[in-house]
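**Q** Structure provided below as C-alpha cells; questions to follow.
Residue numbers (this note's numbering), protein chains in the order written: chain A, 356 to 574; chain B, 73 to 696.
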C-alpha cells in the first residue's frame, strides 16, 4: 500500500507516472482549453451575428414606418430594399429575415407593385421555420393573387393550405375568393365559419360582408 | 480516538464516500443542496420556464398602483380584490412570457449596447435633451425598479415589440379590398317601417291567474329584516364658532398665508371630447379628432364645433367652455396638454380615459395675493375650523365613554348637547338617510351587540369630521308578504307578459300577411309606413334596431319588398326593405392612402391577436 513507501519511493513513482502519462495529460488540457475558447468565440460570433441582424431589422422597421406615412418616398424605399436584402443574404436563417420579407411585401403593395410583393411573400414562405409564419405568408400570397384577379388560384391555395393558424382570416379570404368567383353559396358558408371563430374586433367587417349575401327565408 | 478516525478515513469505504460527495458538487454544485431545503414552487410555469415570485410581486405592485391612480382621490386600497389582482397579473405575465419565448425561438436578440442605446434615448431620463444618470436613477427608484431589473424589462419588452412590429406593420390592404369595403360601407337602402306597441291595458288578467302566480312565487316574496335607529351625531363643523375668532388670530393666519403664497396660474380653455364607445374604437376616435382639428385649423369656430360634436354634454352646450382652472383639476394628460398650449392655440388630440380631446387655450391669468379685507371671511372660517378640531377630539373621547357606560343615548345627548335623531326603517341593503347610506353604520346597526343586546354602538366615524353613536329603536323580522300586498305588482307583471305575447302574435300575423302580398292599409286601416330612402349604415335618425335589421335583410327583387321584424324595447318594428343601392367604390388618392393605413393597421392588430392567442393556447402552463 502507498502509505508504506518511503518518501523517495513516492517521488520515484510520481516521476514514472508523469513519464507515462504526462504527454497525454497536457494534450487533454490543451484540447479542453481550446474547446472552451472555441465555444466562447463561436458564441460571441453568434451573438454578434444576431445583434447585427437585430439592428438591421430595427432599421427596416423604422424605414417601413416612415414609408407608411409617405409611401412615395423613392429613396426611403431603396433603403428598405437594401436592408431587407442584407437580412436575406447574411442572416437568412434568422426570423428577422422572414419578417423583413413580410415588411417588404407590404411596402411593395403600398407602392402598387403586386408582383414584387408576391415574390417577397414567396421567399418568406419558403424560408420560414415555424408553420405559423409559413401560413401567414401563404395567407398573404392568396390575398395578392386575389388582388391580381386570379380568384381561382387564391381559392385553391387557401384550400390546400390546411391552415391551423389564423383560421378566421383564412375563412374570410376564402369567402372573398368565392364572391369574386360568383359562388355565393360557398362564400356564405366560408363567412359563417369565419364568424364562428373570429375575434370580436374582426366581426364587424365580416358581418357586413356576410349580410350583403343574405338569403331570403321565404324564397 | 483521533487515531481511529485517521485510520478509518483512509479506508476504501471512506474514500468512496468522499468521492461521491466530490462528484455531487462537481456535477450539480451547491444548488443541489440548497434546493433540497427550498422546495416552494414558482407561482407559474410556462413551457418549462418559471414565472418567478418576484415578477409576480412586481407586476401586482405595478397593477395596484395603476388601479389606485384610476380610482382617484378616494382610492381605497382595501377595495382591490387581491385574488383577482393576482390572477389578472399572472395571466398577463403568461401572455408576455409566451410572446417572449416565441421571439427568442425566432432568433431575436438584443445586445447590451442596444439596451443602453434605448435607455440613453428615453426622454424621461433626459435633462435638457441629454441623458442624465441622476435623473435616470431617480425615475427608476420612484417606479420601484433597480437598474438591473429595468434593463431586463427593457430587453424583454423590446424583443416582444420587434416581433409585434413584424406582424402588425407588415399587414397591408390591397386596392381591390379597399374598394369592396368602401362600396359595402357606402351602400344605402330604401326602407319603411311601422312600430307596433305592446298594450298592457288591453289584455285581461283574472284573479285566478294572479293567485296562481302568487303561489308560484310565494317562496321569494319575503320582506327583508329591517331596523330603525336613534342616533346622536357629533359634527366638527357645528362646533366651529367663527364669530369668536379674534382679529389677532386672523392677522396671524393672514401673515402665514402671505408667507406661503405662490402665485398660481389659471387657464381658461374650451375642449371637445370625442369619446370611445361601442360604435367607435380608439383609432376611429383619433381619426375623427384629427378631422375636427383640421376643420378648426381651416377656420371653423371652435365653440361651434364643440356644440356640434363634443361628447362632454356638460360643456358642449357652452361651446366647450371650461372656465378658469389651476393645476390639479383635470386628469394628467389633459392638464399637461393644457399647460403646454399658447394662448389661442388648439392642441393635437389628447388621449385620456374618456377618449380624445381637442383643447383650445383661451386665456391665462396669474392669481395675486388677496388683501386682508378680501381674505378675512375665509380666514375666520379656517381659524374657527382649526379651533373646532381640538373641541371635536375632546368631545369624541367623552362620547365614547358615555356611549359605553350607559344603555341609551340620553346621557350623551344631555352632556354634549347633541340632539337625538331618528331614522326610518332600513334593511341591510341600506336606505337614503345619513345612517343607512354608511356601510359602517349599517353593519353596526345589525351587529349582535346593537341589535340583540340593545346596547349603544361604538362611535362610528362617517368621515374625518363626523361621528355618530346609534341605538336600535325598533326591529322588524322578515315576514311573508300577503297576496294583497303584492297584488298590484303581480298584476302588472302578468299584464306585461300577456301584452308582449299578444304583440308578438300580432306582429307575426302582420308579417305573414305582408309577405303574402297584402298591403298594410288592407291589414289595418289606421297603420301607416314610416318611409325613408337612402338610409346609410350609420344612420342616427332612425332606431338603430331598424337600421341593423334592414341591412341584414336579403336584397329584394325589383319591385317586391322584403319584410322582417325586430324587437325594440316593449315594441316591435316591422321593416320593409324596398331597394338596395350599391355604394360607389371611387376613392380619391388621399382617401385611399388614409383608409389603407387604417384598415391595414386594424388587420395587423387582429393578426397579432390571433398570433398571441395561438401561442397562449398551445403553451404548457402550470399555475400553482
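Beta carbons are placed, not taken as given, at the ideal position from N, Cα and C, and that holds for glycine.
Is residue 631/B near the ligand HEM, going by C-beta to nearest heavy atom under 8 Å?
**A** Absence of the ligand HEM from the depicted structure is noted, as is the absence of any ligand whatsoever, leaving it without description.
**Q** Using the three-state DSSP reduction, which class does residue 551/B fall into: helix, strand or coil?
**A** coil
**Q** Grouping DSSP H, G and I as helix and E and B as strand, with all else coil, what is residue 564/A?
**A** helix
**Q** Given this structure, state the Cα-to-Cα distance separating residue 410/B from residue 507/B, to the nearest angstrom.
**A** 42 Å
**Q** Which term fits residue 13/B, buried or exposed, when burial requires 16 or more other beta carbons within 10 angstroms of its beta carbon?
**A** Missing from the structure shown is residue 13/B; chain B here goes from 73 to 696 and no further.
**Q** In this structure, does DSSP put residue 411/A in helix, strand or coil?
**A** helix
**Q** Which chain A residues are close to residue 238/B, counting only those with a beta carbon under 9 Å from its beta carbon?
**A** 412, 416, 450, 451, 453, 454, 455, 457 and 458
**Q** Specify the secondary structure class of residue 625/B as computed by DSSP and reduced to three states.
**A** coil
**Q** Could you check whether the Cβ of residue 686/B sits closer than 9 Å to any Cβ belonging to chain A?
**A** yes
**Q** Express the C-alpha separation of residue 457/B and residue 521/B in angstroms, rounding to a whole number.
**A** 34 Å
**Q** Quick check: residue 218/B and residue 608/B, are their CB atoms within less than 9 Å of each other?
**A** No, the pair does not count as a contact, with Cβ atoms beyond the cut-off.
**Q** Applying a beta-carbon distance threshold of less than 9 Å, which residues of chain B neighbour residue 556/A?
**A** 353, 674, 677, 678 and 681
**Q** Would you kindly work out how many angstroms separate the C-alpha atoms of residue 645/B and residue 605/B, rounded to a whole number?
**A** 17 Å
**Q** Among all the DSSP beta bridges, which residues are the ones paired with residue 123/B?
**A** In the DSSP output, where bridge partners are listed per residue, residue 123/B has 116/B.
**Q** Would you tell me roughly how many angstroms separate the C-alpha atoms of residue 383/B and residue 404/B, rounded to the nearest one?
**A** 19 Å
**Q** Tell me which residue opens and which closes the alpha helix (DSSP H) that residue 476/B is part of.
**A** 444 to 477
**Q** For residue 264/B, which beta-bridge partners are listed by DSSP?
**A** 603/B and 648/B
**Q** DSSP has residue 432/B in a bridge; who is on the other side?
**A** 342/B and 418/B
**Q** Helix, strand or coil, according to DSSP, for residue 503/A in the structure here?
**A** coil
**Q** Of all the CB atoms in chain B, is at least one closer than 9 Å to the CB of residue 536/A?
**A** no
**Q** Distance check for residue 465/A and residue 254/B, CA to CA, integer angstroms please.
**A** 18 Å
**Q** Count the other C-beta atoms from every protein chain shown that fall within 10 angstroms of the C-beta of residue 376/A, then say buried if there are 16 or more, exposed otherwise.
**A** Residue 376/A comes out exposed.
**Q** List the whole-angstrom C-beta distance separating residue 569/A from residue 625/B, where the pair is believed to meet the contact cut-off of C-beta under 8 Å.
**A** 6 Å
**Q** With distances taken Cα to Cα, identify the nearest neighbour of residue 436/A among 462/A, 421/A and 405/A.
**A** 462/A
**Q** So for residue 307/B, helix, strand or coil by DSSP?
**A** strand
**Q** Going along the chain, which residues of the region 239 to 257 of chain B sit with their C-beta nearer than 9 Å to a C-beta in chain A?
**A** 239, 241, 242, 243, 244, 245, 246, 247, 248, 249, 252, 253, 256 and 257
**Q** Put residue 635/B into one of helix, strand or coil per three-state DSSP.
**A** Of the three classes helix, strand and coil, the one that applies to residue 635/B here is strand, per DSSP.
**Q** Which residue wins for smallest C-alpha separation from residue 295/B, given the options 149/B, 524/B, 554/B and 465/B?
**A** 554/B
**Q** Expressed to the nearest angstrom, what Euclidean distance is found between the alpha-carbon atoms of residue 431/B and residue 580/B?
**A** 52 Å
**Q** Would you list the one or two residues that DSSP bridges to residue 535/B?
**A** Bridge pairing for residue 535/B: 538/B [DSSP].
**Q** So, helix, strand or coil for residue 394/B, using DSSP?
**A** strand
**Q** Output the distance between the C-alpha atoms of residue 244/B and residue 665/B, rounded to the nearest integer angstrom.
**A** 11 Å
**Q** Hey, how far is the Cα of residue 392/A from the Cα of residue 374/A?
**A** 28 Å
**Q** Would you call the CB atoms of residue 344/B and residue 392/B closer than 9 Å?
**A** Taking a C-beta distance under 9 Å as the contact criterion, residue 344/B and residue 392/B qualify as a contact pair.
**Q** Cβ closer than 7 Å: which chain B residues qualify as neighbours of residue 405/A?
**A** Going along chain B in sequence order, the residues near residue 405/A (Cβ under 7 Å) are 179 and 181.
**Q** Against residue 400/A, what residues of chain B qualify as contacts under a CB-to-CB distance less than 9 Å, listed in chain order?
**A** In chain order: nothing, as chain B lies at least about 13 Å away.
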